[in-house]
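Residue numbers (the numbering used here), protein chains in the order written: chain P, 32 to 193; chain B, 32 to 193; chain H, 32 to 193; chain G, 32 to 193. Don't be surprised by glycine CBs; every beta carbon is placed ideally from N, CA and C. Only a predicted model underlies this, so the values are computations on that prediction, with no experimental measurement involved. Worksheet: one structure, shown below.
There are 4 protein chains.
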Amino acid sequence: MRLHIPVSLRWSDLDAYQHVNNVEMFGLLQEARITAFWKHDDAEEPWPTAVIETGPGAPSHTFVAHQEIEYLRPLAYTRTPVRVELWIGKIGGASLDVCYELHDGAPRFERLAPTTGDEPYVRAVTTIVLVDAGTGKPRRISAEERTAWEGIVEEPLKFRRR
Amino acid sequence: MRLHIPVSLRWSDLDAYQHVNNVEMFGLLQEARITAFWKHDDAEEPWPTAVIETGPGAPSHTFVAHQEIEYLRPLAYTRTPVRVELWIGKIGGASLDVCYELHDGAPRFERLAPTTGDEPYVRAVTTIVLVDAGTGKPRRISAEERTAWEGIVEEPLKFRRR
Amino acid sequence: MRLHIPVSLRWSDLDAYQHVNNVEMFGLLQEARITAFWKHDDAEEPWPTAVIETGPGAPSHTFVAHQEIEYLRPLAYTRTPVRVELWIGKIGGASLDVCYELHDGAPRFERLAPTTGDEPYVRAVTTIVLVDAGTGKPRRISAEERTAWEGIVEEPLKFRRR
Amino acid sequence: MRLHIPVSLRWSDLDAYQHVNNVEMFGLLQEARITAFWKHDDAEEPWPTAVIETGPGAPSHTFVAHQEIEYLRPLAYTRTPVRVELWIGKIGGASLDVCYELHDGAPRFERLAPTTGDEPYVRAVTTIVLVDAGTGKPRRISAEERTAWEGIVEEPLKFRRR
């Protein structure tokens with residue numbers, strides 16, 4: 032299963048070619064990843080994966096180690112938030128590969144669902160490393176975290192172009 | 032009456048001091064203004080004020096001529112979209128003064144409502160000029176536009192610090 | 032006299048209308064202000080005004096309280112850094128009004144010079160408040176700071192449109 | 032040989048962790064790529080590779096098809112522009128792989144030089160496709176372009192983490 036996360040576009044995401052800029056795509060995916068993985072007091076109900084406590088005083092934070100993205104078609108400005116399908120392609124000892132597809136949104140959708148199989152605008156993978164806030168060093172992923180995440184582990188994304 | 036417009040924060044709106052950056056505040060207000068005033072095919076239902084057609088081929092666009100802002104207290108990251116109260120302080124011949132207050136959001140709120148009177152994070156005014164897309168010159172505000180906007184005309188915002 | 036500060040544009044400062052976005056203008060001015068007022072280890076030679084130590088552990092930081100801007104003409108992308116003329120319009124007890132005009136750049140220019148008197152792209156004022164990092168409260172501007180800044184005090188900027 | 036391109040950081044590139052944000056890294060590389068490959072009236076002297084005419088009315092533009100990046104260590108704010116080493120890892124029929132390493136800058140450096148071999152902050156590759164502005168379709172890379180670029184063709188960058 033995948034998380035289906037709405038992310039609002041901003042008109043300022045457009046570049047001079049009047050499409051969402053290639054750099055901003057990583058910004059949209061970053062916001063989806065934060066929604067999925069960070070605990071936050073302000074959230075009405077937590078996302079299933081939200082087990083990493085962050086912020087000043089929190090025991091952990093994350094470090095982005097690697098990213099890869101494939102742009103399949105241009106995205107114009109839309110008021111309906113786009114839908115980021117997010118899943119975990121691999122859980123390592125201290126890292127995880129977060130996979131995404133960015134799709135057209137809809138007024139409402141389920142938080143946890145299979146893919147629609149539609150052609151996405153972009154497909155991407157981010158490798159994040161969990162870091163102990165005290166030591167600044169990578170730290171082991173806990174059993175609690177693995178359990179929280181196992182429901183959204185799927186086949187890793189494969190890119191067409193290498 | 033005022034429009035109450037939800038705007039989603041992004042974690043990337045924070046600066047190194049861990050609050051929404053003073054520049055980004057204008058970005059949030061820009062998104063609220065676009066929501067209020069631009070017609071867009073994609074909108075489920077238009078906002079009451081949305082009478083300016085924009086985009087390639089549209090007869091009009093707008094030019095930001097002047098802005099003023101007052102920062103009252105710092106805004107931390109929140110998942111609940113903030114609420115921008117937006118009204119028109121003055122309609123001129125070819126320009127209008129858009130006033131805003133940025134407040135804490137809530138899961139749901141009315142689109143058109145009086146102010147709550149709460150202390151805002153920022154208060155701001157943008158003077159926008161309507162421009163004829165063909166000539167690139169300012170153009171008169173139409174009777175249709177005045178009618179569409181009159182329900183959200185209120186006293187202009189006054190700043191404490193000058 | 033005014034500081035003449037070069038600021039590099041980025042292509043990403045353009046919006047879908049292919050000009051530097053009105054919000055980004057505040058970003059450019061923010062970078063000029065930081066160049067002028069922040070001490071930084073990395074600077075080859077400090078700017079005359081650079082007396083505020085910042086960063087973790089520094090005794091002070093600043094808070095932006097108010098901003099006002101007037102847009103006079105659109106700015107297209109250019110590789111030559113633009114020139115921000117920066118001066119102080121007023122020094123208060125704990126605050127100062129930083130005035131700016133944004134002009135076309137040139138390959139080389141003096142750091143401290145009178146205005147050229149050319150028509151700027153934008154004119155703006157930022158009121159910044161000096162804050163004691165320990166207490167989080169505004170703190171008095173010191174005699175040392177007044178001395179450092181007096182050479183760039185000029186008449187406050189006046190706006191056409193109010 | 033590689034191009035050595037200075038890119039100015041902005042304080043706003045920092046995120047709440049006080050380092051240049053992982054998304055902004057792509058923004059910095061985008062600016063370096065534009066410097067290298069776009070002809071621009073405003074440039075004092077063109078970069079060796081600058082043979083793609085862009086902008087309204089230009090015969091070509093480019094489309095970013097794929098990007099990959101590896102983050103090796105965090106980058107703090109610095110006033111000295113960083114140095115992007117840029118080379119071409121592969122020239123295809125209608126596309127090219129632009130490789131980059133982001134390094135500490137220096138007050139002055141040569142535009143065309145071998146690598147210093149220092150440990151970079153990030154290493155990345157962008158695949159760009161050349162597009163005919165009239166048809167919107169990919170177009171063949173010309174002999175003139177190949178000649179202009181051959182001096183900066185080097186071994187493609189290899190990533191540690193896959």
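Tell me which same chain residues have a C-beta within less than 8 angstroms of the C-beta of residue i, skipping the five on either side of it?
i	result
residue 150 of chain B	103 and 104
residue 44 of chain G	51, 52, 55, 58, 59 and 108
residue 191 of chain P	101
residue 65 of chain G	none
residue 185 of chain P	32, 33, 118, 119, 120 and 130
residue 123 of chain H	172
residue 138 of chain P	111
residue 125 of chain G	160, 161, 169, 170, 171 and 172
List the residues of chain P whose Cβ lies closer than 9 angstroms to the Cβ of residue i, in chain order.
i	result
residue 61 of chain H	By Cβ distance, chain P contributes nothing, its closest Cβ being about 16 angstroms from residue 61 of chain H, past 9 angstroms.
residue 58 of chain B	41 and 43
Cutting at 6 angstroms between CB atoms, please list the residues of its own chain near residue i, excluding the five before and the five after it.
i	result
residue 180 of chain H	80 and 119
residue 156 of chain G	99, 128, 130 and 188
residue 96 of chain H	158 and 160
residue 46 of chain H	52
residue 90 of chain P	164
residue 168 of chain G	none
residue 115 of chain H	36, 38, 63, 131 and 133
residue 94 of chain G	160 and 162
residue 154 of chain B	101, 132 and 188
residue 147 of chain B	none
Could you tell me which residues DSSP puts in a beta bridge with residue i?
i	result
residue 186 of chain P	None, per the DSSP bridge assignment.
residue 121 of chain P	P:128
residue 63 of chain B	Per DSSP, none; premise fails for residue 63 of chain B.
residue 98 of chain G	P:100 and G:157
residue 163 of chain B	B:91
residue 36 of chain B	B:115
residue 144 of chain P	P:33
residue 54 of chain H	BP columns for residue 54 of chain H are empty, so no partner.
residue 133 of chain H	H:115 and H:153
residue 169 of chain H	H:162
residue 45 of chain H	H:51
Which chain G residues sit within Cβ distance under 7 angstroms of residue i?
i	result
residue 71 of chain H	110
residue 65 of chain H	42
residue 46 of chain B	43 and 45
Strictly below 8 angstroms CB to CB, what residues from chain G border residue i?
i	result
residue 36 of chain P	Neighbours of residue 36 of chain P on chain G: none; closest Cβ ~17 angstroms, over 8 angstroms.
residue 172 of chain H	Within chain G, no residue comes near residue 172 of chain H; the closest Cβ sits about 22 angstroms away, beyond 8 angstroms.
Kindly list, in the order they appear in chain P, the residues whose Cβ is closer than 8 angstroms to that of residue i.
i	result
residue 54 of chain H	43
residue 98 of chain H	Those do not exist, as residue 98 of chain H stays about 18 angstroms from chain P at its closest Cβ, beyond 8 angstroms.
Would you mind telling me which residues of chain G sit closer than 9 angstroms to residue i, beta carbon to beta carbon, in chain order?
i	result
residue 102 of chain P	94, 95, 96, 97 and 98
Could you name the residues of the same chain whose beta carbon sits closer than 7 angstroms to that of residue i, not counting the 5 residues immediately before and after it, in chain order?
i	result
residue 121 of chain G	127, 128 and 187
residue 42 of chain B	108
residue 71 of chain P	none
residue 106 of chain B	50, 51 and 152
Legend entry - Cβ contact check for the stretch 162–175 of chain B and the stretch 135–147 of chain B: 3 or more pairs under 8 angstroms: The stretch 162–175 of chain B is not in contact with the stretch 135–147 of chain B.
Inset, instruction - Determine, using beta-carbon pairs with one atom in the stretch 48–60 of chain B and one in the stretch 110–118 of chain P, whether at least three such pairs fall under 8 angstroms. - result: no
Legend entry - Three CB pairs or more closer than 8 angstroms across the stretch 117–133 of chain H and the stretch 33–48 of chain G: no
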